[in-house]
Amino acid sequence: MVPWSNDAGKDTSRARSLRRELRRLAGGRVDRRVVVRTAATFADGVRVVVAEEATDLLLLAFDSEGRASRAERSATGLIAAPPCDMVVLKPSEGREYRRILLAVRGGPYAELALAVALDIGKGCSAEVTLMHIERSDDDEALRRREHHLFQSLLARCQDYGHVKVHTVSSGDVVSAIVKEARGHDLVVLGAGIRSDSSSPGLGAVPEAVSARAECASIVVKTASPIDPAIFQSPRPALDVVVDRWFSNNTFHCREFSDIAALSDLKERSGQRISLGVMSTGNGEGLPRVVQTLRAELQERNPLVDEIAVIGHGRPANDDAAAIDAASGEVLVESLQALSGDIIAWIDGDIRNIHPRMVYGVVGPLLTQERLQYVKGFYERPDSAGDAAFSGNMLQLTELTARPLLNLFFSELSGVVEPLSREHAARRSALERLTVTSGLGVEVGLLIDFWDRFGLDSIAQSDLENRVGGDASVNFMTQKAFAVVQVIVNRFGSRRGIDLPTVHQSMKLIHSQGETYKLELIEATLRELQTSARREARLSTTR
11 MVPWSNDAGK DTSRARSLRR ELRRLAGGRV DRRVVVRTAA TFADGVRVVV
61 AEEATDLLLL AFDSEGRASR AERSATGLIA APPCDMVVLK PSEGREYRRI
111 LLAVRGGPYA ELALAVALDI GKGCSAEVTL MHIERSDDDE ALRRREHHLF
161 QSLLARCQDY GHVKVHTVSS GDVVSAIVKE ARGHDLVVLG AGIRSDSSSP
211 GLGAVPEAVS ARAECASIVV KTASPIDPAI FQSPRPALDV VVDRWFSNNT
261 FHCREFSDIA ALSDLKERSG QRISLGVMST GNGEGLPRVV QTLRAELQER
311 NPLVDEIAVI GHGRPANDDA AAIDAASGEV LVESLQALSG DIIAWIDGDI
361 RNIHPRMVYG VVGPLLTQER LQYVKGFYER PDSAGDAAFS GNMLQLTELT
411 ARPLLNLFFS ELSGVVEPLS REHAARRSAL ERLTVTSGLG VEVGLLIDFW
461 DRFGLDSIAQ SDLENRVGGD ASVNFMTQKA FAVVQVIVNR FGSRRGIDLP
511 TVHQSMKLIH SQGETYKLEL IEATLRELQT SARREARLST TR
């Protein structure tokens, strides 16, 4: 940038000389285009060029001691209000970036810092350490907010193969980062937030780290203005959180009805999709379900790479068959047998089967990288043939599952169908969770995704009408018990409450004429591992 003077000829000559020098310095090492402008100040000139070039990222460099150049010292306005996303680099001479440290707490620039660290890591084939710093004097609400942010960032690292996680608790954030940086070649941080918008600095913590760290450092800041009072204020009211999530994360299957385009997107992303069809009820409609989905989603459009029929071959109309096929054990077996990056499950007794039951739940995962888990929901018709199933399932949802979620896990109160068995998830996220045994698996997964990855990692999709098979009263009774059991168990675990008195069995009451019989049903909860693959009893079509 050439400062204006009263001599246009002199300015032109200086600009020409500067262009020659920049070309010489760049040589053939980078794909570059030299732009020289005259302006009253360095900051004014940069803003003009950023606007002209529609620049996405601005790089400012400090020297190896963390000092800005003379021109950049005049750029305090750029740092206070960047015209685009900005990276401030303190280089380290003669040092290759083989180990990169990304230090995050809960700042608003964490996502940009993550993107920069991963992009540099990919370009240098470097290992990235994701460092989470918990201040010992933080209150519980702040800890929880930052924990959810950290888990969200961690979820976005799944496709990067060289990420380590390091969590420390310290009252001295700067010293903790500087100490960890000694084993790294580059440290990446987000800028601090200042209540005084006119303050030109990058923040006390990043400035101190850049000055003290022996390795190179990068501090990032986004162009979008951030009100620190908003960011540092207490969590928004619950109804605002839930309403905002409902608006942003509720989809409709029609958004993904162009199966050919969705298949192309899948191919370009390099992902594989697997579908598990749960064989429940009498299984009469199962062949038609599989044939329909295979024709539409494999033969006509290559959206689904494999379809597995999940069942244990029990006699038709046997409650035990439905319980087995609906259990967490079978879901884990299907995950271990299927190879997809995205796993979807649907019931095999859907009478009005349509491809929307599948593309409606996998579509959000293909189009939204931030999402990890999608639940389907629907309005079941009230036809006479579907009365038993519709009534039982809706009552279980509305009289048991949703009230308990509202009570104990209020952020999930916007989930329309928490017990839906039409759902999909990323394998990379699933394999970081355990799955609860028994019939409470769906609500357990929902809670665990929320707890591990945050509310914004979950979405729901309207699958329109769904006509399902019958469900017996005994089955629904055991399902209700399992739902309550899992919700209470998860609530106790989160609060660190030992609940030894919660029963692990229930009694079913059967009437036989004028007499009654009590049947003891064992319902011991177990946490099932999802990461170890083993052969499962599945029938698979590819």
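Here the working numbering is used: the first residue of the sequence shown is 11, the next is one more, and so on. Positions of the beta carbon are idealized from the N, C-alpha and C atoms, including for glycine.
To the nearest angstrom, how far is it from the Cα of E532 to the Cα of S515?
The residue you call residue 532 lines up with position 522 of the sequence shown. The residue you call residue 515 lines up with position 505 of the sequence shown. About 4 angstroms.
Pairs of beta-carbons, one from the stretch 265 to 276 and one from the stretch 477 to 490, closer than 8 angstroms: are there three or more?
no
CB-CB under 7 angstroms to G448, same chain, minus the five flanking residues each way: which ones, in chain order?
Indexing the sequence shown from 1 puts residue 448 at position 438. Closer than 7 angstroms at the Cβ level, and outside the excluded window around G448, lie S337, G338, A492, A533 and L535.
Touching by the beta-carbon criterion (3+ pairs, under 8 angstroms), the stretch 183 to 199 and the stretch 101 to 112:
yes
Enumerate in chain order the residues of its own chain whose CB-to-CB distance from Q539 is below 7 angstroms, with the five nearest sequence positions on each side excluded.
Walking along the sequence shown from the start, residue 539 turns up at place 529. Once the five neighbours on either side are set aside, the close Cβ partners of Q539 are T444.
Would you identify the three-state DSSP class for V445, choosing helix, strand or coil?
Position 435 of the sequence shown, counted from the start, is the residue given in the question as residue 445. Correct three-state label for V445: strand.
Measuring straight from C-alpha to C-alpha, what distance separates R310 and L67?
Here the question's residue 310 lines up with position 300 in the sequence shown. Here the question's residue 67 lines up with position 57 in the sequence shown. Answer to the nearest angstrom: the Cα atoms are 43 angstroms apart.
Flag this pair as touching only if the stretch 373 to 383 and the stretch 466 to 473 have three or more C-beta atom pairs under 8 angstroms; answer yes or no.
yes
With the cut-off set at 8 angstroms, would you say G280 and I360 are in Cβ contact?
Stepping through the sequence shown from its first residue, residue 280 is reached at position 270. Stepping through the sequence shown from its first residue, residue 360 is reached at position 350. No. Outside cutoff.
Mind the definition here: the stretch 456 to 465 touches the stretch 346 to 355 only if three or more C-beta pairs lie below 8 angstroms; say whether that holds.
no
Whole-angstrom Cβ separation of A191 and L111, contact assumed at under 8 angstroms?
Residue mapping note: residue 191 aligns to position 181 of the sequence shown, counting from 1. Residue mapping note: residue 111 aligns to position 101 of the sequence shown, counting from 1. Yes, A191 and L111 are in contact; Cβ-Cβ is about 5 angstroms, under 8 angstroms.
Under 8 angstroms, do A120 and V114 count as touching if we go by C-beta distance?
On the sequence shown, position 110 is the one that residue 120 refers to. On the sequence shown, position 104 is the one that residue 114 refers to. The answer is yes: Cβ separation under 8 angstroms.
Could you tell me if D315 is buried or exposed, where buried requires 16 or more neighbouring beta carbons within 10 angstroms of its beta carbon?
Here residue 315 is taken as the residue at index 305 of the sequence shown, counted from 1. Burial call: buried.
For N475 and F418, what's the separation of their Cα atoms in angstroms?
The residue labelled residue 475 in the question sits at position 465 within the sequence shown. The residue labelled residue 418 in the question sits at position 408 within the sequence shown. Cα to Cα, N475 sits roughly 29 angstroms from F418.
So what does E137 bridge to, in DSSP terms?
What you label residue 137 is simply residue 127 of the sequence shown in a count that begins at 1. According to DSSP, E137 bridges with R109.
Flag this pair as yes or no: are the beta carbons of G373 and F266 separated by less than 8 angstroms?
For the purposes of this step, residue 373 is identified with residue 363 of the sequence shown, where counting begins at 1. For the purposes of this step, residue 266 is identified with residue 256 of the sequence shown, where counting begins at 1. Yes; because the gap between Cβ atoms is below 8 angstroms, this pair is in contact.
Rounded straight-line distance, which links the Cα of C167 to that of F256:
As a position in the sequence shown, residue 256 is number 246, starting the count at 1. As a position in the sequence shown, residue 167 is number 157, starting the count at 1. F256 and C167: Cα-Cα distance of roughly 25 angstroms.
Pick out the complete beta strand (DSSP E) segments inside the stretch 475 to 503, 3 residues or longer, and give them in chain order.
none
So, at 7 angstroms on beta carbons, what are the nonlocal neighbours of P312 in its own chain, with the 5 sequence-adjacent residues on each side left out?
Translated into the one-based positions of the sequence shown, residue 312 becomes position 302. Closer than 7 angstroms at the Cβ level, and outside the excluded window around P312, lie S273.
Taking 8 angstroms as the threshold, find out whether the stretch 217 to 230 comes into contact with the stretch 85 to 101 through three or more Cβ pairs.
yes
Entirely within the stretch 257 to 317 and at least 4 residues each: give me those alpha helix (DSSP H) ranges in chain order.
269 to 279 and 296 to 304
Would DSSP call T525 helix, strand or coil?
In the sequence shown, the residue the question calls residue 525 occupies position 515. Residue state, collapsed to three classes: strand.
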